[in-house]
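J.: Protein chains in written order, with the working numbering: chain U, 24 to 210; chain C, 334 to 449.
Structure, rendered in structure tokens:
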């Protein structure tokens with residue numbers, strides 16, 4: 024299986040990138056390290072002269088956008104990881120900063136996620152956000168908020184895509200890649 | 334009423350009818366429960382006016398945004414409509430995400446320091 028959902032250009036076009044690889048089975052990834060990882064990349068890239076959200080964007084806005092989006096992606100990877108490594112890559116592609124967070128999840132988890140991801144891409148994210156929060160309010164015991172990807176789109180104009188791979192020998196796990204693109208590369 | 338750890342503090346000040354949020358909130362969904370409990374206690378007071386003070390809240394992840402938006406819905410359903418949220422444009426996430434509160438509680442007043 025090699026499935027793509029949403030906006031997911033070929034990784035080999037990313038070129039130069041900064042990456043971090045985590046090994047949760049050997050070195051436990053504490054929850055607060057999600058934010059620390061995101062903040063590392065946010066600090067790194069927001070201080071590059073070539074990065075700027077829009078003409079009037081400040082460095083703080085760029086740093087916040089990177090930090091928010093990447094923190095959500097890494098939190099998801101840590102939350103749903105089913106062994107193996109978690110990799111975080113950040114680079115530039117066309118007019119965007121590109122984040123790719125990859126981790127292994129159970130195939131059954133992918134089956135649950137798949138329709139939600141299609142809904143995110145094909146629906147109106149602002150309407151979906153309203154509906155999701157109202158549903159969460161009606162179900163206080165909901166274990167997940169479901170707002171991570173949605174708020175990336177509604178609040179940060181992120182373009183999202185996913186790639187799900189099931190290589191030989193992976194058993195009932197799949198390699199799950201989340202790509203987020205932020206329009207903050209100023210040419 | 335107060336809940337805190339190394340990175341955040343949330344508390345209710347009865348005299349000013351204000352909930353203060355301070356620090357960085359990047360908890361897992363279940364870890365917002367103590368904060369939700371404080372907000373539930375505030376809700377139960379049925380206050381005529383309420384202020385949410387966000388000026389020192391540097392980060393809020395999506396689970397925290399969920400907690401905040403759900404509180405806005407609870408206020409709306411309880412008829413507590415004279416609500417003000419105080420934020421700042423200096424903290425970028427607040428500019429991005431606080432405006433959505435109006436979708437869940439249309440009567441809320443959003444005061445952003447740093448606005449012209």
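Using N, Cα and C, we set each Cβ at its ideal position, and we do this for glycine too. Note that the structure is a prediction, hence the values are computed from the model and not measured.
1. State the beta-bridge partners of residue 198 of chain U as determined by DSSP.
2. When DSSP labels each residue in this structure, what does residue 49 of chain U get in the three-state scheme?
3. Start and end of the beta strand (DSSP E) containing residue 106 of chain U?
4. Any beta-carbon of chain C closer than 8 Å to the one on residue 174 of chain U?
5. Check each residue of the region 161 to 195 of chain U: if its Cβ is closer than 7 Å to any Cβ of chain C, include it; give the result in chain order.
6. To the nearest angstrom, how far is the alpha carbon of residue 413 of chain C from that of residue 196 of chain U?
7. At a cut of 8 Å, does the region 106 to 114 of chain U reach the region 124 to 134 of chain U through at least three beta carbon pairs?
8. Residue 392 of chain C and residue 357 of chain C: beta carbons closer than 8 Å?
9. Determine, using beta carbons only, whether residue 156 of chain U comes closer than 8 Å to chain C.
10. Skipping 5 residues on each side, what residues in its chain have a beta carbon closer than 8 Å to that of residue 104 of chain U?
11. Since residue 419 of chain C is in the beta strand (DSSP E), which residue starts that stretch and which ends it?
12. Check whether chain C comes within 8 Å of residue 142 of chain U, counting only Cβ atoms and requiring the distance to be less than that.
13. Any beta carbon of chain C sitting closer than 8 Å to that of residue 58 of chain U?
14. Using C-beta distances below 7 Å, list every residue in its chain close to residue 361 of chain C, excluding the 5 sequence neighbours before and after it, in chain order.
15. Within the continuous alpha helix (DSSP H) that includes residue 366 of chain C, where are the two ends?
16. Listed from N- to C-terminal order along the chain, which residues in the region 109 to 137 of chain U have their beta-carbon within a distance smaller than 8 Å of any beta-carbon of chain C?
17. With DSSP run on the structure shown, which of helix, strand or coil describes residue 396 of chain C?
18. Taking just the CA atoms, how far does residue 430 of chain C sit from residue 398 of chain C?
19. Quick one: give me the first and last residue of the beta strand (DSSP E) that residue 342 of chain C is part of.
20. So, with DSSP's three-state summary, where would you put residue 438 of chain C?
21. Please identify the residue among U:91, U:101, U:207, U:87 whose C-alpha is closest to the C-alpha of residue 51 of chain U.
22. State the DSSP-derived secondary structure class of residue 65 of chain U, mapped to helix, strand or coil.
23. Taking 8 Å as the CB-CB limit, is residue 362 of chain C close to chain B?
24. Could you tell me the boundaries of the beta strand (DSSP E) in which residue 351 of chain C lies?
T.: To lay it out plainly:
1. U:127, U:188
2. coil
3. Premise fails: residue 106 of chain U is in no beta strand (DSSP E) and is neither H nor E.
4. yes
5. 166, 167, 168, 170, 171, 174, 178, 179
6. So the alpha carbons of these two residues sit roughly 48 Å apart.
7. yes
8. yes
9. yes
10. Cβ neighbours of residue 104 of chain U within its own chain (closer than 8 Å, five residues either side excluded): 47, 126, 127, 128.
11. 416 to 421
12. no
13. yes
14. The residues are 396.
15. 366 to 377
16. Within the region 109 to 137 of chain U, no residue has a Cβ that lies closer than 8 Å to any Cβ of chain C.
17. DSSP places residue 396 of chain C in the helix class (H, G or I) of the three-state scheme.
18. 8 Å
19. 341 to 346
20. coil
21. U:101
22. helix
23. Absence of chain B from the displayed structure is noted, the protein chains being U and C.
24. 351 to 358
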